[in-house]
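What follows is a set of notes on a single structure, which appears directly below.
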Amino acid sequence: MSAVNFYVLNDVQASHELFACRLCQRALQEGLPLFVWCESAEALERFDQLLWDFQASSFIPHDIDDARAPICLGLNIPDDFLQATPQKVGCLNLSGHAVTSAEALSRFDRVIEIIAANEAAKAAGRERFKAYKQQGITPITHQIK
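To convert, take the position in the sequence shown, counting from 1, and add 1333; that gives our numbering.
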């Protein structure tokens, strides 16, 4: 079963997308394949561009809907991504929905949720937290200052 980690940003000026880029960079450094589940086509394009522009001195290799990429961005959790990697993979969930697929939860080593420092994001995060609890998962919360 997946470990679910909620990262709660406490700075209203902090961008949850920039924090997500840092988490992608960390996953890459740790050799953990990562699927980034985006909310919409617009959000996917924006995050794709942000990964290109994140740091001028480095590159985060990624692709859209390509299970072979170390960081795979998509609108749906692709079956081939779950089956393409023999080891566990991570899921950075930017979709706004809890990961509820039993197969996905069994294949993802960890699910990462980022909660922005505004009331709407916190309320949505609470709902996702409850959804994981209902599946028998006890999420771990990290306060990011």
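Note that CB positions come from ideal geometry on N, CA and C, so glycine has one too. Computed from a prediction, not measured in an experiment: that's the story for all the values here.
What would DSSP say about residue i, mapped onto helix, strand or coil?
i	result
Gln-1476	strand
Arg-1401	coil
Asn-1343	coil
Leu-1408	coil
Going by C-alpha to C-alpha distance, which of the options sits closest to residue i?
i	options	result
Phe-1314	Trp-1370, Leu-1367, Glu-1375, Leu-1356	No answer is possible for residue 1314: it lies beyond the span of the chain, which begins at 1334 and ends at 1478.
His-1430	Ile-1410, Glu-1436, Ala-1389, Glu-1375	Ile-1410
Glu-1432	Gly-1458, Asn-1451, Ala-1453, Glu-1452	As written in the sequence, residue 1432 is Val, which differs from the Glu given in the question. It is Gly-1458 whose Cα lies nearest to the Cα of Val-1432.
Leu-1342	Glu-1436, Lys-1455, Ile-1470	Lys-1455
Gly-1364	Ile-1445, Asn-1451, Lys-1466, Val-1422	Val-1422
Pro-1366	Asn-1338, Phe-1462, Arg-1440	Arg-1440
Asp-1398	Ser-1391, Ala-1347, Leu-1408	Leu-1408
Glu-1350	Arg-1379, Lys-1463, Asp-1396	Arg-1379
Gln-1362	Ala-1435, Ala-1374, Ser-1391	Ser-1391
Asp-1396	Gln-1468, Arg-1461, Phe-1368	Phe-1368
Asp-1442	Ala-1374, Ala-1360, Ser-1348	Ala-1360
Tyr-1465	Ala-1435, Ser-1373, Ala-1389	Ala-1435
If the criterion is Cβ atoms closer than 8 angstroms, does the pair residue i and residue j meet it?
i	j	result
Ile-1448	Ala-1336	no
Leu-1438	Cys-1371	no
Ile-1393	Leu-1406	no
Ala-1376	Leu-1425	no
Ile-1404	Asn-1338	no
Ala-1450	Asp-1381	no
Tyr-1340	Ile-1477	yes
Inside the region 1345-1392 only - alpha helix (DSSP H) runs reaching at least 4 residues: Runs of the alpha helix (DSSP H) inside the region 1345-1392: 1349-1362, 1374-1386.
Start-end ranges of the alpha helix (DSSP H) lying completely within the region 1410-1468, minimum 4 residues: The qualifying runs are 1412-1417, 1435-1440, 1452-1467.
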